[in-house]
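What follows is a short report on a single structure.
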Amino acid sequence: MEREWVAEESVLVAAEPARVYAAVADLRRMGEWSPECFGVWVRGGRVEPGTGFVGFNRIRWRVWFTTGRVTAAVPGAAFAFRVSSFGMPVALWGYRLEDVGDGSTRLTEYWEDLRRDHRGAALVSLLGKVFTGVAAEERAELNRRGMRTTLGRIKAALEGP
Numbered sequence: 255m256e257r258e259w260v261a262e263e264s265v266l267v268a269a270e271p272a273r274v275y276a277a278v279a280d281l282r283r284m285g286e287w288s289p290e291c292f293g294v295w296v297r298g299g300r301v302e303p304g305t306g307f308v309g310f311n312r313i314r315w316r317v318w319f320t321t322g323r324v325t326a327a328v329p330g331a332a333f334a335f336r337v338s339s340f341g342m343p344v345a346l347w348g349y350r351l352e353d354v355g356d357g358s359t360r361l362t363e364y365w366e367d368l369r370r371d372h373r374g375a376a377l378v379s380l381l382g383k384v385f386t387g388v389a390a391e392e393r394a395e396l397n398r399r400g401m402r403t404t405l406g407r408i409k410a411a412l413e414g415p
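Residue numbers (the working numbering): 255 to 415.
Structure representation (structure tokens):
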């Protein structure tokens, strides 16, 4: 299997971009949306570029944490963060929001594997397999499935009864 370095999924949400942004930019709610992340501890109060956080993750019986730093926070338009493990880059995660009219937003979640082009890339890929049970070559497809779940949960919460 050839390794994929990027993945993305989109969904149409019947909510204004400002509401959608508020949901995705609230890192403390990530555990509600994600099938893999079950909690986030955020340093400080405001979430803005430079804000650091720790994400707690689980796949079956395997539990691990990663550190993250917000890289983009543009209300109603974009939110992104970089994830690292033991100080080495792992991934860039983000959301793009597009106002499509009628009070609806196209929400796109994307992921880029950063475990390349640096001295620790092979080590952090190995650590990923050890801690998560997922080989680097399988990560893009697993993340696509996870993104579909995440986006579906966000959509349901914002469109709910």
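Cβ atoms here follow ideal geometry from the backbone N, Cα and C, with glycine treated the same way. Please read all numbers here as calculations on a predicted model, not as lab measurements.
The region 262 to 275 makes contact with the region 356 to 365, as at least three CB pairs between them are under 8 Å. In its chain, beyond the 5 residues on either side, ARG323, THR325, LEU346 have a beta carbon closer than 6 Å to the beta carbon of ARG336.
Each of GLU391, ARG402, GLU270, GLU366 was checked against the Cα of PRO343, and the nearest Cα belongs to GLU366. Judged by DSSP secondary structure, VAL296 falls within the beta strand (DSSP E) whose first and last residues are 291 to 296. Rounded to the nearest angstrom, the Cβ distance from GLY306 to THR321 is 7 Å, consistent with a contact under 8 Å. Counting every other CB atom within 10 Å of its CB across the protein chains shown gives ARG350 a total of 16 or more, marking it as buried. For GLU286, the uninterrupted alpha helix (DSSP H) run begins and ends at 284 to 287, by DSSP.
Straight across, the Cα-Cα distance linking ARG312 with PHE292 is about 7 Å. Counting every other CB atom within 10 Å of its CB across the protein chains shown gives GLU290 a total of 16 or more, marking it as buried. For PRO343, the uninterrupted beta strand (DSSP E) segment begins and ends at 342 to 355. DSSP, reduced to helix, strand and coil, places ALA332 within a strand of the structure shown.
Only exposed fits GLY414, as fewer than 16 other CB atoms lie within 10 angstroms of its CB. The shortest C-alpha to C-alpha distance from GLU256 to any of ALA276, ARG273, ALA389 is the one to ALA389. Distance from the CA of MET401 to the CA of PHE340, rounded to the nearest whole angstrom, comes to 25 Å. DSSP, reduced to helix, strand and coil, places ALA326 within a strand of the structure shown. When DSSP states are grouped into helix, strand and coil, GLY400 belongs to the helix group.
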